[in-house]
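Everything in the sequence shown is counted per my numbering, starting at 1 for the first residue and increasing by one. Heads up, the beta-carbon is just placed ideally off N, CA and C, and yes, glycines get one too.
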Amino acid sequence: VSVASALAADSPQAKLVEPNQDHGTVFVGTVIKGKFFVENTGSVPFTITDAKPTCHCTTAVVSTDKVTPGARGEISYEITTAGVGKSVKNIRIVTDPPTPDQLIFTSSGTFAPFIEADAKDLLVDVPQGEPVNIRVPLHIAKGVEGIELLGAKTRSRDMQVSLEGPAGGADHTLVVQST
């Protein structure tokens, strides 16, 4: 028996039960909550001492119980993001005593906007003294209800910004008017 074999036999062995979770598409600002498990596949007990996310938008909480051979330790996590698009977050697991193989859990999801509009359509240049009636179509994500215009800033006192729709199955419309 080599020294390396003897040391490996005395170190804890573990695996992630489900190393990857895809949460599909959710709206920006939604908190993704989940949990995953670390299974003791060896003969030496260990404790999960930390779960280190690679991003500040991810938090993880570990169970502090000793994970005996054949048992599982649980890690809960939450991910919040303001960015739009595909997001992949990793959480590195730390055990005491350490496992010989690094354990990294991966969570993914696609963050979708509530409203989609072309940025060039949202910039409205109104010549001074001329009336304007501009209508900007807004594409509302499926599942979003109760759209409300909370505030709009204009540089002119005679400008009004409002939200119309939907009418006849069409999306909402942002209306910019002046007199």
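Query raised in the report: Are the region 58–70 and the region 17–28 touching, with three or more C-beta to C-beta distances below 8 Å?
Result: no
Query - Minimum length 4: unbroken alpha helix (DSSP H) runs contained in the region 16–48 - result: none
Query - Beta-carbon contacts of Glu-78 that lie in its chain and below 6 Å, excluding the five residues immediately before and after - result: Val-31, Lys-33 and Thr-59
Requested in this report: Just tell me which of Glu-39, Glu-148 and Pro-19 has its CA closest to the CA of Ile-91.
Outcome: Pro-19
Requested in this report: Return the first residue and the last residue of the beta strand (DSSP E) that Asp-96 is part of.
Outcome: 85–96
Query raised in the report: Do Ser-178 and Pro-113 come within 8 Å of each other at the CB atom, strictly closer than that value?
Result: no
**Report entry** Start and end residues, beta strand (DSSP E) containing Leu-174
**Finding:** 173–178
Requested in this report: Measure the alpha-carbon distance for Thr-49 versus Ile-115 and round it to whole angstroms.
Outcome: 41 Å
Query - Cβ-based burial, Asn-133 [other Cβ within 10 Å; buried from 16] - result: exposed
Requested in this report: Starting from Val-161, follow the beta strand (DSSP E) in both directions and report where the run begins and ends.
Outcome: 159–164
Requested in this report: Pick helix, strand or coil for Asp-101, following the three-state DSSP scheme.
Outcome: coil
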